[in-house]
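This report concerns only the one structure given below.
Written out as structure tokens, the structure reads:
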């Protein structure tokens with residue numbers, strides 16, 4: 019795992035990363051909702067000149083059932099080049115893959131045969147529980163270790179959730195990250211501004227609030243997360259909390275600017291209980307303190323009651339349900355997945371306070387069920403959910419499952435499984451790639467969630483040096 023020279027997939031600046039070679043493979047988390055089969059990591063060929071382009075070319079089954087793979091990430095990335103990094107000679111080799119339901123984590127080696135990744139270490143729920151946490155969610159490769167967010171405590175399915183840290187080399191659980199959490203209780207995503215010594219966390223809910231599906235009483239009671247927390251990264255202490263307002267339920271994905279000289283970022287809000295709209299907010303500094311500004315509103319769409327699942331019939335509308343966002347490495351385009359309405363939106367955020375919508379594609383949707391152009395007779399369930407953007411910003415990959423029990427509520431006739439690739443025009447605009455659409459039986463009865471791109475992607479790496 020130790021190199022004498024920096025890993026060639028590590029880049030000091032965002033501009034260097036944007037000039038990297040195109041990915042040749044994608045790794046996709048695939049899970050069995052019934053827990054009858056093991057979850058798996060599927061490997062997809064992303065090389066357009068290949069005979070197997072857009073096909074599943076590798077498959078690694080996990081040894082257990084019921085993990086529910088969700089998010090995952092690399093053991094090391096460009097943050098290893100930061101001046102304060104104590105491990106400059108690590109390499110991007112291992113995928114750290116948590117089971118969101120089982121609290122088990124796997125370390126999967128992609129180096130020897132990238133198309134046949136192999137499990138080299140398993141971290142048991144008990145070992146992870148030594149951190150005080152369970153239900154591991156987000157993985158980020160930090161300069162000093164592997165950071166893992168977790169939704170709940172290790173004992174009873176409640177809170178607080180927080181962050182655990184794994185050792186870069188041994189993958190042993192070091193323990194809880196927080197030294198002083200203040201009143202932070204709910205957890206979900208996290209990321210940072212490394213050069214400003216700031217870590218940001220968001221909120222979803224504790225395991226007992228989410229694992230059996232969205233709870234209407236909790237939602238209408240405004241009990242899901244609606245705050246952002248800003249931390250001193252070195253001292254590991256909570257510095258400031260900003261409340262978006264409790265009508266804005268579920269502040270989920272965090273996408274800070276990749277430019278290390280900029281101290282702003284975007285967060286997506288799943289739903290407003292006042293009108294079922296979704297929204298995107300910008301965090302930024304005002305007179306030395308963090309503030310948030312709503313910069314995008316996405317309205318719900320009216321729908322006939324008979325076209326809606328039972329969970330939505332009382333409302334007579336389809337909420338957009340913004341469940342993922344992603345920011346291109348050059349910080350120019352923000353991608354917003356509207357899982358409920360079946361749409362991926364593209365915004366030019368060159369001025370982050372005034373986003374401009376410049377592109378859109380439809381796939382699936384609770385009511386629309388828009389087919390892929392290559393299979394026009396197949397009405398799709400699910401919608402663009404997890405979004406991954408290539409380092410050069412020219413390709414976007416979307417999968418369609420949100421979370422097993424929530425899939426079942428919003429798509430009760432089945433969510434299926436698909437992965438689509440979308441090509442990006444230089445000045446904005448999106449086009450579905452007709453040659454790239456692995457779906458259905460190719461995923462062997464599993465649903466698919468997050469995608470990671472070989473060599474890194476827009477949501478995997480952090481940079482400590484500004485582009486020249």
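In the numbering used here, the protein residues as written are 19 to 486.
All C-beta atoms in this analysis are idealised placements derived from N, C-alpha and C, irrespective of residue type, glycine included.
| Ordered along the chain, which non-local residues of its own chain (more than five positions away) have a Cβ less than 8 Å from that of residue 12? | What is shown of the chain runs 19 to 486, which leaves residue 12 out entirely.
| What residue from 308, 265, 208 and 258 has the CA that sits closest to residue 271's CA? | 208
| Taking the C-alpha atoms as reference points, what is the distance between residue 385 and residue 81? | 37 Å
| query | So residue 422 and residue 41 are in contact, right, with Cβ under 8 Å, and what is the actual spacing, rounded? | reply | Contact flag wrong, Cβ pair sits at about 28 Å.
| said: The alpha helix (DSSP H) that contains residue 371, what's its start and end? | reply: Segment: none, residue 371 is in no alpha helix (DSSP H) and carries neither H nor E.
| For the candidate residues 53, 112 and 94, whose alpha-carbon lies nearest to that of residue 85? | 53
| field | Limits of the unbroken alpha helix (DSSP H) element including residue 425 | value | 422-428
| In chain order, what residues of the same chain lie with their CB nearer than 8 Å to the CB of residue 252, ignoring the 5 residues before and after it? | 215
| field | Extent of the continuous beta strand (DSSP E) run through residue 154 | value | 151-159
| said: Using only the alpha-carbon positions, how far apart do residue 236 and residue 227 sit? | reply: 8 Å
| query | What is the DSSP secondary structure of residue 225, reduced to helix, strand or coil? | reply | helix
| query | Using the C-alpha atoms, what's the distance from residue 184 back to residue 234? | reply | 36 Å
| request: Run through the segment 114-181 for me and flag every whole alpha helix (DSSP H) of 4 or more residues, listed as ranges in chain order. | output: 143-147
| said: Just verifying my parser: in three-state terms, what is the DSSP assignment at residue 408? | reply: coil
| residue 439 bridges to which residues according to DSSP? | 415
| In or out: residue 371 buried (at least 16 other Cβ within 10 Å) or exposed? | exposed
| message | Assuming the contact rule is C-beta atoms closer than 8 Å, residue 44 and residue 471 should be a hit. Round their C-beta distance to whole Å, please. | response | 5 Å
| query | Taking Cβ to Cβ, would you say residue 134 is nearer than 8 Å to residue 465? | reply | no
| Should residue 368 be labelled buried (16 or more other beta-carbon atoms within 10 Å of its own) or exposed? | exposed
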